[in-house]
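What follows is a short report on a single structure.
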Amino acid sequence: MWDQIIEYLKDPFLVVKVQNFFGVTYKSSQSTQNESSKVLHSERLELLNEEYDLKQHKRIPSNISSSSQSSCDTDTSADSGEKYAVECSINNKFWYWLFVIGTELGDEIFYATFIPFWFWNIDGAVGRRVVLVWTVVMYIGQGFKDIIRWPRPGYPVKKLQTKWAVEYGMPSTHAMVGVCIPFSVLLYTMDRYQYPVHWGLMIAVSWCTLICVSRIYLGMHSVLDIAAGLLLATGLVSILIPIVDSLDGVLLTSHFAPVFIITLSILVIVYHPHADKWTPTRGDTTMIVSVCAGILTGSWTNYQLGNMVASELDPPYEIIWPSKEMLGCTILRTILGFCGVLATRAFGKSVSYAFVCALLGKDKNELRNSENSLDNKNKIIVELSYKYFTCAMIGFNTTYVFPNVFALLKIDRPTYYTEI
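Just so we're aligned: the sequence shown equals residues 1 to 420 in full-length UniProt numbering.
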């Protein structure tokens, strides 16, 4: 029974049905006989199912570059014996752009904007907890990908996005982010602020649903990948929420917290599970872990220097809606802060990449242009090192340097240093 359910949920034709529902029309052309293209409705898919052994086509690894692709070009199986090329057309642009934008809610650009914005303009105490939950959930999810090693949906699924196509697909870390970020925000704010919790729940559910459906629509995950990600993230968040809530105070007040944070963050990167081929998974995990380490270390520095003092008021707090002056300060903080983040990234990447290359005695330009493979140990070391240093700097500056700059410029958020 369970085997049948698993096979059904990971069937690539189920992904095609979801794409069909949202306006993606499939066509099939037989290259060997130069037949006319035919629309692949569900009846056509069943005929193909009978003609070909689906077990050979369901989960074919994608040897695709990680560059983005916006057009719906011909997509062929990695199997050299595959007789059919897959083409599709997008008939509903609304769903296409909604899901393209929705999938970004679990992507690097979203993290780089949402996390700093939250600290600078909303609540640092909630931010620290959410980032720690997100880091643990993502580390476990990314690790499982390289342990399980299930490829993303293969033939006949047309991938409408190929950015992460070289990664494995089980479980969906986008689905895990869709659970851990909105629901941890909800759980950490519902008793801290006065607001209608049911509205927060509706936003969290909508957020999660949009991300999950977008990954199936774009052809990047099977339904089973999504379901596994949701179940794993739900279980982890349920366990982590109370633990992280208690741990946050210890990480702020303990004199040895930075040593523990930095040592542990390096160890989990060094001993990250290894795949049987090169994927960007380990590098992405390094960025997540190092951002968390930088954020927690920056917050610890603020507390140890006496900058942070607990609020005299007890929660739940009333939400302060911004006046014109507050809104202006928010805009200034955001613009200056993001400029600082970009500058930190450029400086950190340039310096750390060159420094590690010099330590290894390698030419940085030659190494940068070399092949990504498990055998290219020097490139792996350099890539992980520069990502760790750069993202840790960004995290530290987000919680310590930039808020102090805002205070000097008189555009700081008054409650930032009371959020313990």
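C-beta: ideal position from N, C-alpha, C; glycine also.
| Item | Value |
| --- | --- |
| Short Cβ contact (8 Å threshold) for residue 5 with residue 106 | no |
| Reference residue 308; option with closest CA among 95, 394, 318 and 420 | 420 |
| Of the listed residues 175, 254, 417 and 279, nearest to residue 164 (C-alpha basis) | 279 |
| Minimum Cβ-Cβ distance from residue 24 to chain B less than 8 Å | No chain B appears in this structure, which consists of one protein chain only. |
| Residue 289 to residue 339 span [Cα, whole Å] | 22 Å |
| Where residue 299 falls: helix, strand or coil (DSSP) | helix |
| Distance, residue 326 Cα to residue 294 Cα | 27 Å |
| Helix, strand or coil at residue 281 [DSSP, three-state] | helix |
| The alpha helix (DSSP H) enclosing residue 242, as first and last residue numbers | 223-253 |
| Range covered by the alpha helix (DSSP H) that runs through residue 97 | 93-103 |
| Beta-carbon proximity list for residue 247, same chain, < 8 Å, skipping 5 on both sides | 132 |
| Alpha-carbon spacing of residue 315 relative to residue 252, whole angstroms | 20 Å |
| Beta bridge counterpart(s) of residue 318 as assigned by DSSP | 194 |
| C-beta contact flag for residue 190 and residue 232 at 8 Å | no |
| Contact check, residue 379 vs residue 367, beta carbons under 8 Å | yes |
| Three-state secondary structure assigned by DSSP to residue 123 | coil |
| Own chain partners of residue 276 with C-beta closer than 7 Å, once the 5 adjacent residues on each side are dropped | 149 |
| Given 8 Å, three or more beta-carbon pairs between the segment 257-267 and the segment 209-225 | no |
| Coarse secondary structure for residue 326, derived from DSSP in three states | helix |
| Residues of its chain near residue 386, where Cβ-Cβ distance is below 6 Å and the 5 sequence neighbours each way are ignored | 349, 352 and 353 |
| Test item: CB-CB of residue 292 and residue 135 under 8 Å | yes |
| Cα-Cα separation, residue 196 to residue 238 | 22 Å |
| C-alpha gap between residue 120 and residue 200, whole angstroms | 21 Å |
| Best match in 412, 355, 311 and 396 for proximity to residue 192 [C-alpha to C-alpha] | 311 |
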